[in-house]
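Inspection log for the structure reproduced underneath, given as structure tokens.
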Amino acid sequence: MVNNPICTSLEQSQTLVDLGIDIKTADMYYVLYNNRSPKLNIKYNSFPNDLFEFTPAWSLSALSDLLPSFIKRNDKDYVLTMLNIGRVVYLNPNEPNLFEADRMTLLDAVVETIEWVYRNGYVNKWYKTQ
20 MVNNPICTSL EQSQTLVDLG IDIKTADMYY VLYNNRSPKL NIKYNSFPND
70 LFEFTPAWSL SALSDLLPSF IKRNDKDYVL TMLNIGRVVY LNPNEPNLFE
120 ADRMTLLDAV VETIEWVYRN GYVNKWYKTQ
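Per this note's numbering: the sequence shown ends with 149, consecutive numbering throughout.
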């Protein structure tokens, strides 16, 4: 059985930042200490001050908020469906699926879906940095 991660990895977090996702949407962060393993912290009101380096991290709940519940394409609606078996699908029962992600964990599938959503212009604009 695969352990489900509680938040994005450092690499996944960097991918989301590179896509332009506003770091204010993250609900956790990694503190990066010199020559030590990163430590995960929960964000309360804001990110830490400039005393140390940090990388934002997103829980599954925070990631889910970044995805549109519906996507309209060619006058057809596709609904977001997430299954705890590591699968995310935008589907319309009368059409082929618009997008599918099958991964070992639901969090990994959601990160892949966010990448697809942002790269294909289906983004919730208020979650993206300017």
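Backbone N, C-alpha and C define an ideal beta-carbon position, used for all residues, glycine too.
Quick caveat: nothing in here was measured; it's all calculated off a predicted structure.
Residue i versus residue j - alpha carbon distance
i	j	result
residue 101	residue 74	26 Å
residue 135	residue 128	11 Å
residue 55	residue 29	14 Å
residue 112	residue 106	17 Å
residue 95	residue 25	34 Å
residue 79	residue 52	25 Å
residue 149	residue 115	Any answer about residue 149 is weak, because its pLDDT of 47 lies below 50 and its placement is not dependable; what the coordinates show is given next. Rounded to the nearest angstrom, the two C-alpha atoms are 34 Å apart.
residue 145	residue 117	Residue placement at residue 145 is poorly supported in this model, since its pLDDT is 48, which falls under 50; the coordinates are not used for a value here.
residue 120	residue 41	23 Å
residue 72	residue 43	16 Å
residue 32	residue 93	32 Å
residue 137	residue 38	7 Å
residue 1	residue 123	It is not possible to answer for residue 1, since the shown part of the chain is limited to 20 through 149.
First through last residue of the beta strand (DSSP E) which encompasses residue i
i	result
residue 76	72-76
Those residues which DSSP pairs with residue i across a bridge
i	result
residue 43	DSSP lists no partner for residue 43.
residue 58	50
Assumed close pair residue i, residue j - CB separation to whole angstroms, cut-off 8 Å
i	j	result
residue 125	residue 109	That pair is no contact at about 15 Å.
residue 133	residue 59	That belief does not hold up - the Cβ atoms of residue 133 and residue 59 are roughly 20 Å apart, past 8 Å.
residue 77	residue 34	Actually they do not touch by this definition, with Cβ atoms about 11 Å apart.
residue 87	residue 141	6 Å
residue 62	residue 48	6 Å
Bounding residues of the alpha helix (DSSP H) (the contiguous stretch that carries residue i)
i	result
residue 36	29-38
Which parts of the stretch 74-135 are runs of the beta strand (DSSP E), unbroken and 3 residues or longer, counting only runs that do not cross its ends? Taking only runs of at least 3 residues, the beta strand (DSSP E) segments lying wholly in the stretch 74-135 are 89-92, 95-102, 106-110 and 118-121.
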